[in-house]
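Here the UniProt record's numbering is used: the first residue of the sequence shown is 1, the next is one more, and so on.
A short write-up of the structure that comes next.
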Amino acid sequence: MIELYHNDMSVCAQKVRLVLAHKKIAWKSRHFNLRAGEQFTPEFLKINPKAVIPVLVHDGAVITESNVICYYLDEVFKELRLMPDDLVDRAQVRVWLTRLDAGLHEHIAVISFCLAFRQQILTRYATDEALESFFKNIPDTAREVVMRDMVINGTASPRLKLAIVAYKKLLADLATALKSSEWIIDSGLSLADFAYLPYVERLEQLQLTGLWTDYPQIENWLQRVRKTSAYQVGMQDWHNLDYIKIMTEADVPLWVFD
Ligand SMILES: N[C@@H](CCC(=O)N[C@@H](CS)C(=O)NCC(=O)O)C(=O)O
Numbered sequence: 001m002i003e004l005y006h007n008d009m010s011v012c013a014q015k016v017r018l019v020l021a022h023k024k025i026a027w028k029s030r031h032f033n034l035r036a037g038e039q040f041t042p043e044f045l046k047i048n049p050k051a052v053i054p055v056l057v058h059d060g061a062v063i064t065e066s067n068v069i070c071y072y073l074d075e076v077f078k079e080l081r082l083m084p085d086d087l088v089d090r091a092q093v094r095v096w097l098t099r100l101d102a103g104l105h106e107h108i109a110v111i112s113f114c115l116a117f118r119q120q121i122l123t124r125y126a127t128d129e130a131l132e133s134f135f136k137n138i139p140d141t142a143r144e145v146v147m148r149d150m151v152i153n154g155t156a157s158p159r160l161k162l163a164i165v166a167y168k169k170l171l172a173d174l175a176t177a178l179k180s181s182e183w184i185i186d187s188g189l190s191l192a193d194f195a196y197l198p199y200v201e202r203l204e205q206l207q208l209t210g211l212w213t214d215y216p217q218i219e220n221w222l223q224r225v226r227k228t229s230a231y232q233v234g235m236q237d238w239h240n241l242d243y244i245k246i247m248t249e250a251d252v253p254l255w256v257f258d
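This is the structure in structure tokens:
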């Protein structure tokens, strides 16, 4: 049996659900409300001491890290492979996915919080005391420090500048990859497309499509990947309209598009 601990709008959970959907694998949902802190329960900490989702449990074996989960699923369920046959192409897929772990994943959280979700937290914890106790309740000091910066400084956070620079570079590189190819890897639809779709869609939800107006091939790719049934089942069916609404009201400073 496959169980997935996940969240409807978490980008790295979306990535795993896309792979499950593409391969038509049946799975049992263990959905967590991250804002309510369900990832910090003692039961879940036994499953993943890092207190993050997604986590896949396959016949009792616990697999963490969304990229690792995707590779695992592609190796165990060999139908409808998402890793290319060619070894060089396969290495390229790994390079793209590694790039998410090497900063882009953290950067998308910074962009999301600084532009949109901080408002949700400021509204929910409306007094100084309530906000302070929200920060103090984050069990990991590193996460607490980042959360304080994003919520308090918002669009003035230096972390936001770094994140935007990193995404501009990513979009330029994606545009180059997609210039003469329908998919990120020339040989066809691969894990790279499903890994990046949630991140590019998140930028779109945060009103940042202006970052790729010079790259029509990115918009074309976005529409192309969204036509897959995996998108419908793995992402669209899980869209949380309340969260999307918060993102459509994102407070995007003009310097982002400079
Ligand atoms: N490198 C990890 C990152 C996992 C991660 O950051 N998950 C986020 C959701 S996208 C999470 O669980 N956050 C919990 C929290 O914010 O407390 C992966 O790719 O699985």
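Think of the CB as a built atom: it goes at the ideal place given N, C-alpha and C, for glycine as much as any other residue.
For residue i, which residues from the same chain have a beta carbon less than 6 Å from its beta carbon, with the 5 sequence-adjacent residues on both sides left out?
i, result
"isoleucine 121", "Val151"
"asparagine 48", "Val55, Thr64"
Would you give the residue range spanned by the alpha helix (DSSP H) that residue i belongs to?
i, result
"serine 29", "Unbroken run through serine 29 is the beta strand (DSSP E), 28-31; no alpha helix (DSSP H)."
"valine 16", "11-22"
"aspartate 89", "87-99"
"glutamine 39", "First-last for glutamine 39: undefined, no H or E at that position."
"proline 158", "158-178"
According to the neighbour-count rule (16 or more other Cβ atoms, all chains shown, within 10 Å of its Cβ), is residue i buried or exposed?
i, result
"proline 139", "exposed"
"phenylalanine 96", "Note that residue 96 is tryptophan in the sequence shown here, rather than phenylalanine. Buried is the call here."
"residue 261", "Nothing about residue 261 can be read from this structure; the chain reaches only from 1 to 258."
"proline 216", "exposed"
"methionine 1", "exposed"
"glutamine 205", "buried"
"tryptophan 221", "buried"
"alanine 126", "exposed"
"phenylalanine 257", "exposed"
"aspartate 74", "buried"
Return yes when the C-beta of residue i is under 7 Å from any heavy atom of ligand 1, and no when it is not.
i, result
"alanine 13", "yes"
"alanine 195", "no"
"alanine 192", "no"
"isoleucine 63", "no"
"valine 52", "yes"
"leucine 34", "yes"
"histidine 105", "yes"
"glutamine 39", "yes"
"asparagine 240", "no"
"serine 29", "no"
"serine 10", "yes"
"serine 180", "no"
For residue i, report the span of its beta strand (DSSP E) as first-last.
i, result
"glutamate 3", "2-6"
"valine 61", "In the sequence as displayed, the identity of residue 61 is alanine instead of valine. Where alanine 61 is concerned, the enclosing beta strand (DSSP E) stretches over 61-64."
"leucine 58", "Looking at the sequence shown, residue 58 is not leucine but histidine. From DSSP, the beta strand (DSSP E) with histidine 58 extends over 55-58."
In chain order, what residues of the same chain lie with their CB nearer than 7 Å to the CB of residue i, ignoring the 5 residues before and after it?
i, result
"leucine 45", "Ala51"
"phenylalanine 117", "Ile246"
"valine 57", "Glu3"
I'd like the list of long-range same chain contacts for residue i, defined as Cβ closer than 8 Å, with 5 residues on each side in sequence excluded.
i, result
"serine 157", "Val110, Cys114, Asp149, Met150"
"glycine 103", "Ala166"
Runs of alpha helix (DSSP H) wholly within the region 109-143 (minimum 4 residues, chain order): Entirely contained in the region 109-143, the alpha helix (DSSP H) runs reaching 4 residues are, in chain order, 118-124, 128-136.
Let me know the alpha helix (DSSP H) ranges lying completely inside the region 205-255, each 4 residues or longer, listed in chain order. Runs found: 216-226, 229-234, 241-248.
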